[in-house]
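Residue numbers (our numbering): 61 to 522.
Worksheet for the structure shown next.
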């Protein structure tokens, strides 16, 4: 029996590209086709998703005719409530064999595997989600070891399938290792690390394919399944670059954007003071975040890079405005760092080239790294060099460990590598934009955010 597998992965809400992918998918589909996604289709940087609790993603996938999706990290990032809402309302299965709630109970609507019938062929499809380690508790999830859970699903469905497909949002290196110990897996659709395979790879007899990211390609795997044997007929990953956009997908996006704007545009509150923004210069909106984080996490200092926001806010705050100006799904994070490493980062921050460097990093949705903003500290400088750093009015001690309220971006050393030399990191479930939402209407914090902490001191004009 012939089987054609079309697949995508790591679309990350790049839905204009997906409109092209949908056109290609509809051209390639035939009676022998199943259509699968390897996870991270729903990235909640998208206003359409934020304003519809993820339902816009389901409409897009349904319109293209998907048969199943596995849960990537981005499907988790808007909280367990949103994930359950999507899974329970989805017209196709949300699959994860190793994902549960934090208390290890089942996530409503999520299944560990399905057996799909296609022209008499029985297809076992299971899927694995990534272990986000220290972030799991904040997201409200528990993640089991995926190899064991894959083996359990194969064993539980023994005799019920002719071919086994794993949708894996673990990464291609881990998938290759898995093929050596679980030969019952016939096909792995790999995701998470955004690898683009020009055609299927074979590892220990298992066929593996990955279609890159951002819906820039669609993966194709054509098989012949007969008498217990599976033969590869053809495989490729096809670029969507020159493919026209599917009008049905565009209409779904337009309709859901209108719904989302209506829901998200309702003002939360008016701003008493304009919170302007700048990438290089100290500004009140980033100061407000640093102050809010320090208060929320009860640390010696607050530390935030101005690249976390894209623009200022002047008249009011709404959920829409928060998503637009602070799209990164980064979390309030506390950690300890020695004064010498804190000093190194602050000194680097005086360099405009450091501030204007590409801010690319896990979870970051901005463009530039940006200037470091501090709370509970003062930085005395002459425009070129830092002369003194005061922590709560006392000179910074290089060997002392300070508690820092920041983001997981800076905790990892992104933008400012010395900050990676930290210990005792702890993460909150909220996102940085929530700090703006919680503190933007507190007069005491807004007034304080207008006070500069970087103090220029020089006799150059004397």
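Backbone N, C-alpha and C fix where the C-beta goes; we use that ideal spot for every residue, glycine too.
This structure is a prediction, so every number in the text was calculated from the model and none was measured.
Per the DSSP calculation, residue 154 is bridged to which residue(s)?
129 and 170
Considering just the uninterrupted stretch of the alpha helix (DSSP H) at residue 412, what are its terminal residues?
412-415
Looking only at DSSP bridge pairs, what is residue 398 linked to?
461
Is it right to say residue 522 is buried, meaning 16 or more other beta carbons lie within 10 angstroms of its own, or is it exposed?
Unreliable placement is indicated for residue 522, whose pLDDT of 36 sits below 50; the coordinate value is still reported in the next sentence. By the 10 Å Cβ count, residue 522 comes out exposed.
Among 346, 353 and 491, which residue has its Cα nearest to the Cα of residue 511?
346
Assign residue 493 to buried or exposed, taking buried as 16 or more other Cβ atoms, counted over all protein chains shown, within 10 Å of its Cβ.
buried
If residue 436 sits next to residue 354, beta carbons under 8 Å apart, how far is it from one beta carbon to the other, in whole angstroms?
6 Å
Option nearest residue 169 by Cα separation, candidates 181, 140, 76 and 175
140
Suppose you measure from the CA of residue 445 to the CA of residue 411; what does that come to, to the nearest Å?
9 Å
Own chain, CB closer than 7 Å to residue 520, minus 5 neighbours either side, in chain order
Note that residue 520 has pLDDT 44, beneath the 50 cutoff, so the model's placement of it is unreliable and the number below is only indicative. Here the set comprises nothing.
Along the alpha helix (DSSP H) that carries residue 119, what are the first and last residues, could you check?
115-124
Element boundaries [alpha helix (DSSP H), containing residue 499]:
492-499
Measuring only the C-alpha atoms, how far is residue 420 from residue 322?
31 Å
What residues in its chain sit with their C-beta under 7 Å from that of residue 166, if we drop five residues either side in the sequence?
160
How far does the alpha helix (DSSP H) with residue 323 in it reach, from first residue to last?
307-324
Straight-line Cα distance separating residue 105 from residue 114
11 Å
From the DSSP output, read off the bridge partner residues of residue 180.
For residue 180, which the question treats as bridged, DSSP gives no partner whatsoever.
For residue 522, the three-state DSSP class (helix, strand or coil)
Only weak support is given to the placement of residue 522: the predicted model assigns it a pLDDT of 36, under 50, and the question is left unresolved by the model.
Going by C-alpha to C-alpha distance, which of 474, 351 and 179 sits closest to residue 505?
351
The segment 326-340 touching the segment 479-489, judged by at least three CB pairs closer than 8 Å
no
In the DSSP assignment, what are the bridge partners of residue 75?
DSSP output for residue 75 lists no bridge partner at all.
Can you name, in chain order, every residue of its own chain whose Cβ lies under 6 Å from the Cβ of residue 428, other than the five neighbours on each side?
339, 367, 416 and 419
Report the rounded CA-to-CA distance for residue 133 versus residue 360, giving the unit in angstroms.
31 Å
Suppose the cutoff is 7 Å on Cβ atoms and the five residues either side in sequence are ignored; what does the same chain contact list for residue 176 look like?
94, 127, 183 and 185
Helix or strand or just coil, what does DSSP make of residue 420?
coil
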